[in-house]
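What follows is a single structure, written as structure tokens, with notes after it.
Protein chains: 2
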Amino acid sequence: MAKEKKVESITSMDVDFAKWYTDVVKKAELVDYSSVKGCMVIRPYGYAIWENMQSDMDRRFKETGHENVYMPLLIPESLLNKEKDHVEGFAPEVAWVTIGGQEKLNERLAIRPTSEVLFCEHYAKVINSYRDLPKLYNQWCSVMRWEKTTRPFLRSSEFLWQEGHTMHETAEEAREETMKMLKVYEAFYKETLAIPAIIGKKTEKEKFAGAIETYTIEPMMHNGVALQGGTSHYFGNGFAKAFGIQFTGRDNTLQSPHQTSWGVSTRMLGALIMVHGDDNGLVLPPKVAPIQVVIVPIAAHKGGVIEKAEEIETSLKNAGIRVKTDKSDNSPGWKFAEYEMKGVPLRLEIGPKDIEKGQCVLVRRDSGEKVFTPLSELEEAVKENLQAVHDGLYQKALENLKEKTHTALTYDEFLETAKNKPGFIKAMWCGDEECENKIKDETGGVKSRCIPFEEEKLSDKCVCCGKRAKHMVYWGKQY
Amino acid sequence: MAKEKKVESITSMDVDFAKWYTDVVKKAELVDYSSVKGCMVIRPYGYAIWENMQSDMDRRFKETGHENVYMPLLIPESLLNKEKDHVEGFAPEVAWVTIGGQEKLNERLAIRPTSEVLFCEHYAKVINSYRDLPKLYNQWCSVMRWEKTTRPFLRSSEFLWQEGHTMHETAEEAREETMKMLKVYEAFYKETLAIPAIIGKKTEKEKFAGAIETYTIEPMMHNGVALQGGTSHYFGNGFAKAFGIQFTGRDNTLQSPHQTSWGVSTRMLGALIMVHGDDNGLVLPPKVAPIQVVIVPIAAHKGGVIEKAEEIETSLKNAGIRVKTDKSDNSPGWKFAEYEMKGVPLRLEIGPKDIEKGQCVLVRRDSGEKVFTPLSELEEAVKENLQAVHDGLYQKALENLKEKTHTALTYDEFLETAKNKPGFIKAMWCGDEECENKIKDETGGVKSRCIPFEEEKLSDKCVCCGKRAKHMVYWGKQY
């Protein structure tokens, strides 16, 4: 009964996806609202997922030679104004500090919306020779972008992220870095989050303020809406010139270094929820799940059950598995629903009969599959099942991605698809921003997501204007 | 020659301690200044030390049952005003956001100087029953306190820290937590930073804004100036009442929970520098050193030297030691000075003659001691020597603490000591704030540091006014 009550309290995805999302965020205890609009409290369970993401990604950054730093929270207005395209992109959404320690400031200070200019100011001081290059810095911090409409994880005024900012001797090296980090993100999404995605290049219209090229990773949500999952930018030496960053090259001439930046944020928590979640709540990929296995004792009052559960907990912990035993006096049914809601990948049930038979029951969160497992083989079985959950989630997400990827050869077909089939639309494009604008206006918001690295030649003509096509583009609505 | 040049460029501690400090901070590449006064750039080497501190401390927090969360950066003015003593303590040093996304805000927003009120606002929503207690939350973040005079790590407008905020069913439990976390800090200082310290209670005058009791850990710097190394506060239920946090107790009555908070910050980097550093630069305790062993190849151009160095590097890495080989074409002398400046605990020299003899040279940063070590016993020897450096640093710091702790029985003796002998002064105190003020005024800034847990009865009388003494107090100047 407890279980049914709990399940009833979430809106079904099919009834109202947006409501389902906020229900999950709330009931799985990921986030709480604060009294500043768009600034969220990330609760212990949500933050533990972020910590697991962070440590996995930080390891990948360090393995590729990057070092962490911390830059100031505040940016003087004059510093933010130094690169024209960049400031135009960010000025409308900046929060400004105008009073410090009871005095009005001479110059107002922006809370960082991103830190390109701070890194450049520092790099100007520490880069002198080609021997000082490359500089491969990363920062974990919070940033602020004043948003009108906000949603936990997906769009908030404050969010947590990492921002890599690197400087290189040559354009070629910087381009390699841009691509390398996009691939790091792709591998992280696949191997850690069990999320497949399209990777490619943003169009001129959609690229980052101040960048020459922006690359993106675009996973597909369960409801057919895309999400920009991470970006990697190549800047050329435009910022370097604006900030007077120069080095003496191998040929003894003064040169400007070439720059990249790349970032992912707590948005990834939104992607996790909307790619893997179901009507019973969150479904977490094992690699980032704060609890990988929850042990639920059955008939816990009977002699030996709690003891056995604890014994199992200890042995799994020693095997490096994140495990919790729920010994509370809530009913097993309530516990089943609770940990389903929280997306725990595996449930382990153990009762007097199981103990007699030297076994327990493992239940997979992704498929509901139940397996009776001999206690003598438990450690191995748990590891195999965690891997199976990861693989199962990835396959399901891949199917969803395929199912929600459509092709349009004519404009009518495009409009029809945009209207009736949520998801990506693959279609040819002439390269003209006017067609992007027209498509966006006439579809209620379908934008170019990216020009994929693996382009197909669907036809010779732009789906919108009929002129010669330059690229195949993934189009779609986005969060 | 390179070495001498390098060493010459640091001011000696004895000549000008403040200048020595800023020299070390700069030459060891820990920090850079930014264009916002009092906001620092923490460079890779400095940040790597902080990361090592963080991960060690975070483990201790989790082992004692705490969970990490993230609270918003911004606090509405009305929320900050909810607890009177608290806001009075912080209002003068707050930075205010008054414009968000091009619009003037209706209510100004403080950048968090500390997050008590944010935690309380959240706790009011999630605490309902004694079953919800205790709540043991911690946050790693940056905070902002608008400072007029700033110094890297010691006093800056923005700094990084952790702040624990916990809620408990009873006053007794909360007091236990306050004390437990002070002991966690003490253990961290001793076991990880190799720093001994005095722990005790702050006087009424010196306690935290809004707290009932503040406990502190006070290490002694090399120059006889104290530093508040961390604090742990007991709040009673004052905040809880102001914020309407209530729970149904075991007896079914509505009660207010009892609260603590505790924090340490990047100031600890300042303590590290000033406790262990010397005229050759930084000296890092091995547990937090980003590089524990630097390998310097001697006559590196000769066959087999680089290969041997790399072989050693791999074997030490596999043994879990943080090791770096400097293969640059700088001279060995330059390298010696460079890594001494950076405080690397052990230097490993390996040249053709060593290879012939199957040995290498280990040089301790703390003592300069050289040991010839057979390569067959290297892993063991490195571990032993790292431990020896840790122990050596702790002993040296303990001697400094003892040497710089004086006793004053009369006021004349107190004034004389304050004038001529930098360090702690142990002296009796009547408990009256007037005496604290008088002492501060007449000594140019000597304040009560704490009432230690282990009080000695030096006499019956207050060292200042001669009235009956209540406590023995540690006094001293502070950073």
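Those protein sequences? They're chains W and Z, same order as listed. Under my numbering, residues 1395 to 1873 are what the first sequence spells out, in order. Under my numbering, residues 1395 to 1873 are what the second sequence spells out, in order. Glycine included, each C-beta is placed from N, C-alpha and C at the ideal position.
Cβ-Cβ distance between residue i and residue j below 7 Å
i                : j                : result
F1818 of chain W : T1799 of chain W : yes
K1718 of chain Z : I1749 of chain Z : no
K1599 of chain Z : E1827 of chain Z : yes
L1795 of chain Z : M1614 of chain Z : yes
G1604 of chain Z : E1487 of chain Z : no
V1430 of chain W : P1466 of chain Z : yes
S1551 of chain Z : W1540 of chain Z : yes
A1620 of chain Z : G1870 of chain Z : yes
L1474 of chain W : A1442 of chain W : no
A1422 of chain Z : L1676 of chain Z : yes
K1832 of chain Z : C1858 of chain Z : yes
L1548 of chain W : G1664 of chain W : yes
CA-to-CA distance, residue j to residue i, given in whole angstroms
i                : j                : result
C1754 of chain Z : L1772 of chain Z : 8 Å
K1397 of chain Z : V1409 of chain Z : Confidence in K1397 of chain Z is poor, its pLDDT being 42 and thus under 50, which makes the residue's placement unreliable; the coordinate value appears in the next sentence. Distance between the alpha carbons of K1397 of chain Z and V1409 of chain Z: 20 Å.
L1809 of chain W : C1824 of chain W : 17 Å
K1456 of chain Z : E1557 of chain Z : 14 Å
L1852 of chain Z : V1867 of chain Z : 10 Å
E1793 of chain W : G1618 of chain W : 12 Å
I1592 of chain Z : L1740 of chain Z : 29 Å
F1641 of chain Z : S1842 of chain Z : 38 Å
S1406 of chain W : L1678 of chain W : 18 Å
E1707 of chain W : E1763 of chain Z : 48 Å
A1693 of chain W : Q1653 of chain Z : 37 Å
H1627 of chain W : A1489 of chain Z : 32 Å
I1611 of chain Z : H1865 of chain Z : 18 Å
R1437 of chain Z : M1735 of chain Z : 15 Å
H1559 of chain W : G1727 of chain W : 49 Å
G1745 of chain Z : P1691 of chain Z : 6 Å
S1722 of chain Z : I1700 of chain Z : 11 Å
Y1805 of chain W : E1830 of chain W : 12 Å
G1440 of chain W : N1446 of chain W : 10 Å
Closest Cα partner of residue i within the set the options
i                : options                               : result
D1673 of chain Z : Z:R1759, Z:K1855 and Z:P1679          : Z:R1759
G1638 of chain W : W:K1413, W:E1515, W:E1501 and W:V1658 : W:E1515
S1428 of chain W : Z:I1706, Z:W1490 and Z:K1519          : Z:K1519
V1840 of chain Z : Z:E1848, Z:A1863, Z:K1864 and Z:K1815 : Z:K1815
I1394 of chain Z : Z:E1607, Z:T1654, Z:K1635 and Z:A1683 : A query on residue 1394 of chain Z cannot be resolved here, the shown segment of chain Z reaching from 1395 to 1873 and no further.
H1670 of chain Z : Z:G1494, Z:R1506, Z:T1586 and Z:G1432 : Z:T1586
V1481 of chain Z : Z:P1507, Z:L1468, Z:V1857 and Z:K1861 : Z:P1507
Y1531 of chain W : W:L1756, W:W1728, W:Q1789 and W:S1655 : W:S1655
L1803 of chain Z : Z:C1856, Z:L1548 and Z:E1445          : Z:C1856
E1704 of chain W : W:W1490, W:A1636 and W:I1689          : W:I1689
V1463 of chain Z : W:A1636, W:L1554, W:I1715 and W:M1451 : W:L1554
R1545 of chain W : W:E1836, W:R1453, W:E1461 and W:Y1415 : W:Y1415
I1589 of chain W : W:E1797, W:G1432, W:C1829 and W:D1785 : W:D1785
Q1649 of chain Z : Z:R1661, Z:K1635 and Z:G1657          : Z:K1635
M1662 of chain Z : Z:N1646, Z:V1682 and Z:C1433          : Z:V1682
D1450 of chain W : W:S1536, W:K1584 and W:G1432          : W:K1584
A1713 of chain W : W:H1695, W:V1776, W:E1743 and W:T1543 : W:V1776
G1630 of chain W : W:V1687, W:T1660 and W:R1569          : W:R1569
Residue i Cβ short of 6 Å to the ligand ZN heavy atom set
i                : result
D1673 of chain Z : This structure does not include the ligand ZN; it has no bound ligands of any sort.
Residues that residue i bridges to, as DSSP identifies them
i                : result
T1654 of chain W : W:T1560 and W:Y1628
D1410 of chain W : Paired residues: none, contrary to the question.
A1489 of chain Z : W:G1494
N1532 of chain Z : Z:N1462 and Z:G1558
F1547 of chain Z : Answer is none; F1547 of chain Z lacks a bridge partner.
C1754 of chain Z : Z:T1767
C1844 of chain W : W:Y1868
D1426 of chain Z : Z:V1435
R1741 of chain W : W:V1688 and W:V1757
Along the segment 1402–1414 of chain W, what residues have a CB closer than 9 Å to any CB found in chain Z?
none
What residues in the segment 1476–1498 of chain Z have a beta carbon less than 9 Å from any beta carbon of chain W?
A1485, P1486, E1487, V1488, A1489, W1490, V1491, T1492, I1493, G1494, G1495, Q1496 and E1497
Which residues of the segment 1560–1593 of chain Z have a Cβ closer than 7 Å to any Cβ of chain W? Give them in chain order.
none
Report the residues of the segment 1419–1437 of chain Z with a CB closer than 8 Å to any CB of chain W, ordered along the chain.
D1426, S1428, S1429, V1430, C1433, M1434, V1435, I1436 and R1437
Taking a cut of 8 Å between CB atoms, which residues from the segment 1512–1530 of chain W lie near chain Z?
L1512, E1515, H1516, K1519 and V1520
Interfacial residues, the segment 1453–1474 of chain Z to chain C, with Cβ spacing under 8 Å:
In summary, chain C is missing from the structure at hand, where the protein chains are W and Z.
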